[in-house]
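Student: Residue numbers (the numbering used here), protein chains in the order written: chain A, 1 to 136; chain B, 1001 to 1387. Handing you a structure now.
Okay, here's the thing in C-alpha cells:
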C-alpha cells in the first residue's frame, strides 16, 4: 500500500470516527435512534422506491420511437420537482411570519414544468424535421 | 433437500443476472467518473463552507473572526445552500448510474470488499441525508426528532470521510475514464453520454437559476422556487423569527424600556429609547446573511457599538454579550468579540431604510454587524454585558 493511499484512509477513517463520536457524544441533540432511522430511511426510500420508479419510467420512455428529448425533459422535470416539493407542500408555513415561503410555489412549479415541456416538444419537433430532411 | 438446493440455485441465478439487465450504456465508469468529479467538488465546497459557518457560530475561545470582508459570510453561506441544491441533481444522477452495482453478486467477495461496501453505504446514506435534511431545513419542514444543526454537522464528517476513502479507492478508475484516450468508443455511446451529462447539468443549472435570487438580489424575480424572496417581508426585508414567535410583542412597547451596558465597565449605562435617539447616529449598508442561504442588504441607522462601549469605559479587548428581551431560545443573546465591536460598521440599529425598526426586525434596537451570521444579529436588544 502506498503512502498517499494510507494517508487517505487515515484521514477518511478519522473523519468518520469523528462523525460517529460526535453523533453519540451529542446524543441530547442528535437523537441517535431518530438519526439512524432517517439515515437508513433515506437509503431505503431511494434504493427501493425512487430508483425502481425511475427505472420503470425509463423502460416506458424507451419504447417511444425517439426517446431522447422526452427522457431529458422528464429527467429535468423530475429533478426540479424534487427540489421544489417541500416548498410546494408548504409544511414550513407559519401564520406569524408571511415572509417564510412567500410565493405560490404550486403555480411556479407548474410554470417551470410547462417551460420544460415546451422545450422538450420543440426539441422533439426539430429532431423529427431533421430526420425527414435527411430522408429526402 | 434437493428441492431446497434447486430453489437456491434459481435464486442465485436470478441474482447474478440482475446487474446484466441494466442495458443502458450510461451505467458506465466514464459517466460515473465525470459525475463523481462534479459531486466531489460540490461536497468539498459544502463541507468547507459548512465548517466555516459552524465555527463562526461556535468559535473556539482562541479564534478571532475578522469583521471583513463585509459580505464574506453572505458568500460562503450562499455557496453552501445554493451549491448544495445544485448537487442534488448530480447526486441522483450518480446514484442512478452506479445502481446496478448495488445488485452485484456475490454481495461480498472478501472481508475487504465487505468493508468497502459498508463505507459506500455510509457515503450514499450520508450524501442523501445531508441533501434531504438540508433541503427540508431551508423550507422550514422540521420532520425529524433531532436538532438539524447537530445532525447535519456531525453527518458531514461521516460523509466527507467516506468520500475521501471512496476517492482513494476509485482514483485509478477516474484517471482511466477521464484521461485515457480510448481507441474505439462507439459514437452512439459518446452521444448518449454527452446528452445525459448535459441533461443533468441543465437540471443542476436550472435549480440554481430558480433559487439563487434569494441571495443575489438582481435575480430575485427568477427565484420562483426559493423559500425566500429578499424583497418580501415587513419593511421589504424577510424575517426569521417574528416578534410574536419570540413572545416579545408587549414587552418591546414597555415605556420603561432601558438599554443597559453593564459588567466590566467603568460607568454602567441605562438609556431610554429617547436617549438612544439623541446619541450620534450613523448609517451603514449591511446585509442580513441567513444561515439558510438567503441574504439581503439594507440601510441601517443607529449607534455604533464602539461609541457605546467607549461611553461606558469598556476595555478595547473586552468581549461583549448582547442580550435580547426574548425570554428563551438558543439565539436570545450573542457574543461580540473585539474585531467586530471595534468595527465602525457594527451598530445597535434603531432604524432600517429610514424608518424605526418593525417589531419583527427587532424594535426598539437590534445588533447589525458585518460578516456575521443572521442568527447572531440579535434583535430586541436590552442589555450589553462586557467581560
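Where is the CB? At the ideal position from N, CA and C, for every residue including glycine. Bear in mind the structure is a predicted one, so any value in this text is a computation, not a measurement.
1) Three-state secondary structure (DSSP) at residue 1379 of chain B?
2) Please report the residue range of the alpha helix (DSSP H) in which residue 1302 of chain B lies.
3) Counting pairs of beta carbons, one from the stretch 1333-1341 of chain B and one from the stretch 1021-1036 of chain B, are three or more of them closer than 8 Å?
4) Using a beta-carbon distance cut-off of less than 9 Å, what residues from the stretch 1083-1098 of chain B approach chain A?
5) Contact between the stretch 1049-1063 of chain B and the stretch 1181-1190 of chain B is defined here as three or more beta-carbon pairs at a separation below 8 Å; is this criterion met?
6) Three or more C-beta pairs under 8 Å: does that hold for the stretch 1010-1018 of chain B against the stretch 1160-1174 of chain B?
7) Per DSSP, what are the beta-bridge partners of residue 1288 of chain B in this structure?
8) What are the boundary residues of the beta strand (DSSP E) that residue 1358 of chain B is part of?
9) Rounded to whole angstroms, what's the CA-CA distance from residue 75 of chain A to residue 1200 of chain B? Just pull it up for me.
10) Tell me whether residue 1280 of chain B sits in a helix, a strand or coil according to DSSP, three-state version.
11) Any beta carbon from chain B within less than 8 Å of residue 76 of chain A's own beta carbon?
12) Counting pairs of beta carbons, one from the stretch 1062-1074 of chain B and one from the stretch 1230-1243 of chain B, are three or more of them closer than 8 Å?
13) So what does DSSP say about residue 1330 of chain B, is it helix, strand or coil?
14) In chain order, which continuous runs of the alpha helix (DSSP H) of length 4 or greater are located wholly inside the stretch 1219-1270 of chain B?
15) Less than 8 Å between the CB atoms is what I'm expecting for residue 1350 of chain B and residue 1369 of chain B, so what's the real figure, rounded?
16) Decide yes or no for the touch test of the stretch 1243-1251 of chain B against the stretch 100-112 of chain A: beta carbon pairs closer than 8 Å, at least 3 of them.
17) Put residue 1187 of chain B into one of helix, strand or coil per three-state DSSP.
18) Got a sec: is the Cβ-Cβ distance from residue 5 of chain A to anything in chain B below 8 Å?
19) Let's test the definition: count the other Cβ atoms within 10 Å of the Cβ of residue 64 of chain A and tell me whether it reaches 16, buried, or not, exposed.
20) When the Cα atoms are used, what is the spatial distance from residue 1263 of chain B to residue 1307 of chain B?
21) What does residue 1225 of chain B touch in chain A if you count any residue whose Cβ is under 8 Å from its own?
22) Based on Cα-Cα distance, which residue from B:1179, B:1378, B:1105, B:1148 lies nearest to residue 990 of chain B?
23) What do you reckon, are the CB atoms on residue 1043 of chain B and residue 1160 of chain B nearer than 8 Å?
24) Taking a contact to mean a Cβ-Cβ separation below 8 Å, would you say residue 103 of chain A touches residue 93 of chain A in this structure?
25) Taking the alpha helix (DSSP H) that residue 1170 of chain B falls in, what are its first and last residues?
26) Mind listing the chain B neighbours of residue 72 of chain A? Cutoff is C-beta to C-beta under 7 Å, in chain order.
27) Indicate the three-state DSSP secondary structure (helix, strand or coil) for residue 1018 of chain B in the structure shown.
28) According to the neighbour-count rule (16 or more other Cβ atoms, all chains shown, within 10 Å of its Cβ), is residue 1284 of chain B buried or exposed?
29) What residues are listed by DSSP as bridge partners for residue 1345 of chain B?
30) Give me the subset of the stretch 1157-1189 of chain B whose CB atoms are less than 9 Å from a CB atom of chain A, sorted by chain position.
31) Whole-angstrom Cβ separation of residue 16 of chain A and residue 1298 of chain B, contact assumed at under 8 Å?
32) Compute the distance between the beta-carbons of residue 1055 of chain B and residue 38 of chain A, then report whether it is under 8 Å.
33) Would the stretch 1147-1157 of chain B count as touching the stretch 24-32 of chain A if we require 3 or more Cβ pairs under 8 Å?
34) Run down chain B in chain order and give the residues with a C-beta less than 8 Å from the C-beta of residue 42 of chain A.
35) Taking CB distances under 8 Å as the criterion, tell me whether residue 53 of chain A reaches chain B.
36) Taking 8 Å as the threshold, find out whether the stretch 1044-1051 of chain B comes into contact with the stretch 1090-1106 of chain B through three or more Cβ pairs.
Tutor: Straight from the coordinates:
1) coil
2) Not the alpha helix (DSSP H): residue 1302 of chain B falls in the beta strand (DSSP E), residues 1295-1304.
3) no
4) 1085, 1088, 1089, 1092, 1093, 1095, 1096
5) No: fewer than three Cβ pairs fall under 8 Å.
6) Taking a cut-off of 8 Å for Cβ pairs, the stretch 1010-1018 of chain B and the stretch 1160-1174 of chain B do not touch, as fewer than three such pairs fall below it.
7) DSSP lists B:1296 as partners of residue 1288 of chain B.
8) Here residue 1358 of chain B belongs to no beta strand (DSSP E), and DSSP marks it neither H nor E.
9) 8 Å
10) coil
11) Residue 76 of chain A counts as touching chain B.
12) no
13) Reduced to three states, the DSSP call for residue 1330 of chain B is coil.
14) 1243-1246
15) Not a contact, Cβ separation roughly 15 Å.
16) no
17) Residue state, collapsed to three classes: helix.
18) yes
19) exposed
20) If you take the alpha carbons of residue 1263 of chain B and residue 1307 of chain B, they lie about 16 Å apart.
21) 80, 83, 84, 87, 105, 108, 109, 112
22) Residue 990 of chain B is absent from the structure shown; chain B starts at 1001 and stops at 1387.
23) yes
24) Going by C-beta atoms, residue 103 of chain A is not nearer than 8 Å to residue 93 of chain A.
25) Here the alpha helix (DSSP H) through residue 1170 of chain B covers 1148-1179.
26) 1195, 1199
27) coil
28) buried
29) When beta bridges are read from the DSSP output, residue 1345 of chain B appears opposite no residue.
30) 1157, 1158, 1159, 1160, 1161, 1162, 1163, 1164, 1165, 1166, 1167, 1168, 1169, 1171
31) The Cβ separation is near 42 Å, so there is no contact.
32) no
33) yes
34) In chain order: 1125, 1128, 1129, 1132.
35) no
36) no
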